[in-house]
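Quick notes on the structure that follows.
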Amino acid sequence: KLLEKVRQGSKVKKRYDDPKTPYERVLECEGVSEKTKEKLREEYEMLNPAALRRRLLRLQDKLIELATSSRRKIYALG
Numbered sequence: 169k170l171l172e173k174v175r176q177g178s179k180v181k182k183r184y185d186d187p188k189t190p191y192e193r194v195l196e197c198e199g200v201s202e203k204t205k206e207k208l209r210e211e212y213e214m215l216n217p218a219a220l221r222r223r224l225l226r227l228q229d230k231l232i233e234l235a236t237s238s239r240r241k242i243y244a245l246g
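Using the numbering used here, read the sequence shown as starting at 169 and increasing by one per residue.
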């Protein structure tokens with residue numbers, strides 16, 4: 169995230185914040201209540217990237233199956 173820009177003659181020097189995930193930025197934000205932050209921490213601890221990917225792939229396969237089966241029905245009726 170860009171913190172500041174300083175013009176030095178014809179050049180602009182930019183200073184950036186350390187890279188962070190959106191999750192880390194929310195936890196650092198003072199405008200978010202502690203109750204919300206605690207819920208996010210609990211949710212984050214339960215995340216399993218491999219399981220999420222498998223679920224996403226299953227749902228994509230199901231969506232493709234629904235799209236192709238309805239297309240076959242349309243051609244059969246026509």
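Cβ atoms here follow ideal geometry from the backbone N, Cα and C, with glycine treated the same way. Just so it is clear, the structure is predicted and the values come from calculations on it, not from any experiment.
Can you name, in chain order, every residue of its own chain whose Cβ lies under 8 Å from the Cβ of residue i, other than the five neighbours on each side?
i	result
L195	K205, L208 and R209
L170	K182, R183, Y184 and D185
V200	V194
Whose CA, out of the options, lies closest to the CA of residue i?
i	options	result
E213	K230, Y191 and E172	Y191
Once you ignore the five residues that flank residue i on each side, which residues in its own chain have a CB closer than 6 Å to its CB?
i	result
V174	K181
Worksheet item: Looking at C-beta atoms only, is the number of pairs between the stretch 222–230 and the stretch 198–205 that lie closer than 8 Å three or more?
Response: The stretch 222–230 vs the stretch 198–205: no contact.
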